[in-house]
Amino acid sequence: MNQTLVSYLSQYEFYDSLIGLFGKHQGILTFFIYLLFAAIIVGLCATIGGLGTYAERKISADIQQRIGPNRVGPYGILQFLADGVKMITKEDVMPFTADKFLFYLAPMLALVGVFATLAVLPWSSGFIMADLNVGIFYLIAISSLVGVSVFLGGYASNSKWSMLGGMRWASQIISYEIPVTISVLSITLLAGGMSFGTILSQQVGTPIHWFIFHNPFAFIAFFVYFIGALAETNRAPFDLPEAESELVSGYHTEYTGMRFGFFALAEYIEVFVVCGVGAALFLGGGNLPFNITIDIIPLQLVQVGIFMTKALLLYYVVIWVRWTFPRLRVDQLMSICWKYLTPIAIFNLVGNAVWMVLFNGKSVADLLFGGH
Amino acid sequence: MFVQVLFLLSATLTIGCAIAVAVTKNIMHSCIFLLGSLIGVAGLYATLGADFVAVTQIMVYVGGIVILMLFAVMLTGGKDFISRAHNLLGLTPTMGNKWTYGVGLFVGAVFLLTNIKLFSNIMKAYPAKTFGSEFPSTVSQIGHLLVKEHVLAFEISSVLLLGALVGAAIIARPRKQ
Chain S
1 MNQTLVSYLS QYEFYDSLIG LFGKHQGILT FFIYLLFAAI IVGLCATIGG LGTYAERKIS
61 ADIQQRIGPN RVGPYGILQF LADGVKMITK EDVMPFTADK FLFYLAPMLA LVGVFATLAV
121 LPWSSGFIMA DLNVGIFYLI AISSLVGVSV FLGGYASNSK WSMLGGMRWA SQIISYEIPV
181 TISVLSITLL AGGMSFGTIL SQQVGTPIHW FIFHNPFAFI AFFVYFIGAL AETNRAPFDL
241 PEAESELVSG YHTEYTGMRF GFFALAEYIE VFVVCGVGAA LFLGGGNLPF NITIDIIPLQ
301 LVQVGIFMTK ALLLYYVVIW VRWTFPRLRV DQLMSICWKY LTPIAIFNLV GNAVWMVLFN
361 GKSVADLLFG GH
Chain D
1001 MFVQVLFLLS ATLTIGCAIA VAVTKNIMHS CIFLLGSLIG VAGLYATLGA DFVAVTQIMV
1061 YVGGIVILML FAVMLTGGKD FISRAHNLLG LTPTMGNKWT YGVGLFVGAV FLLTNIKLFS
1121 NIMKAYPAKT FGSEFPSTVS QIGHLLVKEH VLAFEISSVL LLGALVGAAI IARPRKQ
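Residue numbers (this note's numbering), protein chains in the order written: chain S, 1 to 372; chain D, 1001 to 1177.
Now the structure itself:
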């Protein structure tokens, strides 16, 4: 059965007293718990997205031997707040010939698509909004709303640059979805389930029990996933949709003020989400080391910290890659996806399946050191 | 309670967006309303407890079909282009007048009522089938069915899809001069 946040909290005593407080209106209590945690998670992720812009500028400055933002707050860390305030107070300009309905809809759709993925992101073994038994599949499916939104944003702006950017993005996302999904599928094969709970419960113990070290094919699958995720979230070296040297700014050229902010925020949060999924699928997520089975709230918070550390390390790598590699050409982009990544991903899937049959589901670590 | 609310929302979304698809003049807007309608259908599946089918609905339609339709609409140039090519600018085809709409509504209502009458007994006799206790979720049940009982259909359909893929690649390939 699907495990949810409420079913996790209901094992504690304070939950019983809450139930006593609400009497027979338990549905309202459940609703408020979800509302509270949704607000916390959305707020947290919006902050991560905002800090992402700061990190991006600071790390790029570091790589290029500059100083970067350093005026607002200590080390310039409040720069993203200043940017946000600036964006809110900017005039909301819309091109005269734009398709109004779609122009307004597109940034919302982008944010909805990204925030909906947060419902299944496993912050820790207990703090997960809903551990759906189709978890990772749901995440891949719902995040394709972002693709639609960018496409619409490009179309509705009624501008050449936006149009080309939107079409490039849509074709990029439907191409790179294939290697990413097949890599995720091979992890599903190893875990024997699509829910994040199942996937994480198979990776407890020391780092050698993570799925990335499960077998050689899973090791390759991680890199295929990571490259594909870079392309899906429109990050360099795959940021052709907004290639500023040719398309001004791509699909959000015509967007101003907070609507542009929505697109930017959605992009940064999506990067965090794919990094978090990578951490959960391949790097053991928020699992405590050495299979500690005590389940108290402080340890859950430690798990959240472990998960965030792994996800943010991957986030760092994403930024690092962006400021290190030059942008690809469109034909190179497509040939990387269809001629290299997709065949490698399919090979990995078959390899994983063969490994599971040959070694009876044992990982390399199990074979070397025994156990499980 | 929650399921009823979800059902009402999804049903409203499905029907409302479906009507909007039919009445919108702009074909891009139609595509977007179709997107809403399909998400509503996914919500209906979710109310029935078929979570895998619901997510597959979103995956296939939102991620694939709607984007493909948007591409197709944009690459084919829209209504004016076709009308001009076939010299149809003067002749705007209409869906009908109030008589045809009236007759259509009447026939539709009769058909609907007849169907409700016919199927009501069957619906009562066969309540929604719940999955057996040997499977923890619908996902694992679908998995077992696909690789055990229906493995032949599964394989045949995958060969069919592969054939379609190869065929599309051959058609789309530039011809050698």
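We put the CB at the ideal spot given by N, CA and C, even for glycine. Only a predicted model underlies this, so the values are computations on that prediction, with no experimental measurement involved.
What residue range is occupied by the uninterrupted alpha helix (DSSP H) comprising L152/S?
-> In the DSSP annotation of this structure, the continuous segment of the alpha helix (DSSP H) that includes L152/S starts and ends at 144 to 156.
If you check the beta carbons only, do R153/S and Y251/S fall under 8 Å apart?
-> Residue identity differs from the one stated: residue 153/S is Gly in this sequence, not Arg. For the pair G153/S and Y251/S, the CB atoms are nearer than the 8 Å cut-off.
Starting from C1017/D, follow the alpha helix (DSSP H) in both directions and report where the run begins and ends.
-> Run containing C1017/D: 1002 to 1023, per the alpha helix (DSSP H) assignment.
Selected residue, minimal CA-CA separation from W210/S, among S195/S, G228/S, I227/S, A191/S | For the residues S195/S, G228/S, I227/S, A191/S, the minimum Cα distance to W210/S belongs to A191/S.
Cβ separation of A46/S and L265/S, assumed to be a contact under 8 Å, to the nearest whole Å = About 7 Å; that satisfies the 8 Å criterion.
Segment limits, alpha helix (DSSP H) that includes H25/S = That residue, H25/S, is in no alpha helix (DSSP H); it is neither H nor E in DSSP.
Ignoring anything shorter than 4 residues or poking outside the segment 302 to 366 of chain S, list the alpha helix (DSSP H) runs there in chain order.
-> Whole alpha helix (DSSP H) segments, 4+ residues: 330 to 335, 342 to 358.
Secondary structure of T1056/D, DSSP reduced to three states = Note: T1056/D maps to helix in three-state DSSP.
Three-state secondary structure (DSSP) of Q172/S | If DSSP states are grouped into helix, strand and coil, Q172/S belongs with the helices.
Start and end of the alpha helix (DSSP H) containing M194/S?
-> Judged by DSSP secondary structure, M194/S falls outside any alpha helix (DSSP H); it is assigned neither H nor E.
Whose CA, out of G1167/D, C1031/D, F1007/D, T1024/D, lies closest to the CA of V1041/D?
-> For V1041/D, the closest of G1167/D, C1031/D, F1007/D, T1024/D by C-alpha to C-alpha distance is F1007/D.
Could you work out which residues of chain D lie near F376/S, taking near to mean beta carbons separated by less than 8 Å?
-> There is simply no residue 376/S to check, as chain S begins at 1 and stops at 372 in what is shown.
With respect to the alpha helix (DSSP H) encompassing K86/S, which residues constitute its N-terminal and C-terminal limits?
-> Where K86/S is concerned, the enclosing alpha helix (DSSP H) stretches over 79 to 89.
Taking only the alpha-carbon atoms, compute the straight-line gap between V1166/D and R1173/D and give it to the nearest angstrom.
-> Going by the C-alpha atoms only, they are around 11 Å apart.
Do you know offhand how far V302/S's Cα is from V274/S's?
-> The straight-line gap separating the alpha-carbon atoms of V302/S and V274/S is approximately 21 Å.
Exposed or buried, which one is M1/S when buried takes at least 16 other CB atoms within 10 Å?
-> Model confidence at M1/S stands at a pLDDT of 42, short of 50, so the residue's coordinates are unreliable and nothing is read from them.
Are the CB atoms of A345/S and V224/S nearer to each other than 8 Å?
-> It is a contact, given that the beta carbons lie within the stated cut-off.
Separation of M94/S from G84/S, as counted between CA atoms | A direct Cα-to-Cα measurement between G84/S and M94/S gives close to 19 Å.
If you measure beta-carbon to beta-carbon, which residues of the segment 1028 to 1046 of chain D are closer than 8 Å to chain S?
-> Correct list: M1028, H1029, I1032, L1035.
Test item: CB-CB of V1073/D and M1001/D under 8 Å | It is not a contact, given that the beta carbons lie outside the stated cut-off.
Answer with yes or no whether the minimum CB distance from I1170/D to chain S is below 8 Å.
-> For I1170/D, the answer is no, since every Cβ of chain S falls outside 8 Å of its Cβ.
Spell out whether any CB of chain D is found under 8 Å from the CB atom of G286/S.
-> No, its Cβ sits nowhere closer than 8 Å to a Cβ of chain D.
Compare the C-beta of G1102/D with all C-beta atoms of chain S and state if any pair is closer than 8 Å.
-> Interface residue (Cβ-Cβ distance to chain S less than 8 Å): G1102/D is not classified as such.
Would you check if the segment 186 to 201 of chain S and the segment 322 to 330 of chain S touch, i.e. whether three or more CB-CB distances between them fall below 8 Å?
-> The answer is no - the segment 186 to 201 of chain S does not touch the segment 322 to 330 of chain S, with fewer than three Cβ pairs under 8 Å.
Please compile the residues from chain D whose C-beta is within a distance smaller than 7 Å of the C-beta of V148/S.
-> Per Cβ cutoff of 7 Å: L1035, V1062, V1066, I1067.
Residue from E254/S, Y12/S, P289/S, E242/S whose Cα sits closest to the Cα of Y104/S | The candidate whose alpha carbon is nearest that of Y104/S is E254/S.
Note down, in chain order, every chain S residue with its Cβ under 7 Å from the Cβ of F1154/D.
-> By Cβ distance, chain S contributes nothing, its closest Cβ being about 15 Å from F1154/D, past 7 Å.
Which residue or residues does DSSP assign as beta-bridge partners of D131/S?
-> D131/S is bridged to Q3/S.
What is the DSSP secondary structure of L121/S, reduced to helix, strand or coil?
-> For L121/S, the secondary structure class from DSSP, reduced to helix, strand or coil, is coil.
If you compare alpha carbons, which of V357/S, G285/S, N234/S, L299/S is closest to L328/S?
-> Its Cα nearest to that of L328/S, the residue N234/S stands out among V357/S, G285/S, N234/S, L299/S.
Whose Cβ in chain S lies nearer than 7 Å to the Cβ of F1111/D?
-> What F1111/D touches in chain S: nothing, since even the nearest Cβ is about 34 Å away.
Own chain, CB closer than 8 Å to F282/S, minus 5 neighbours either side, in chain order | If we look at F282/S and ignore the five residues flanking it on each side, its Cβ neighbours are I187, W210, F211, I212, A218, A221, F222, Y225.
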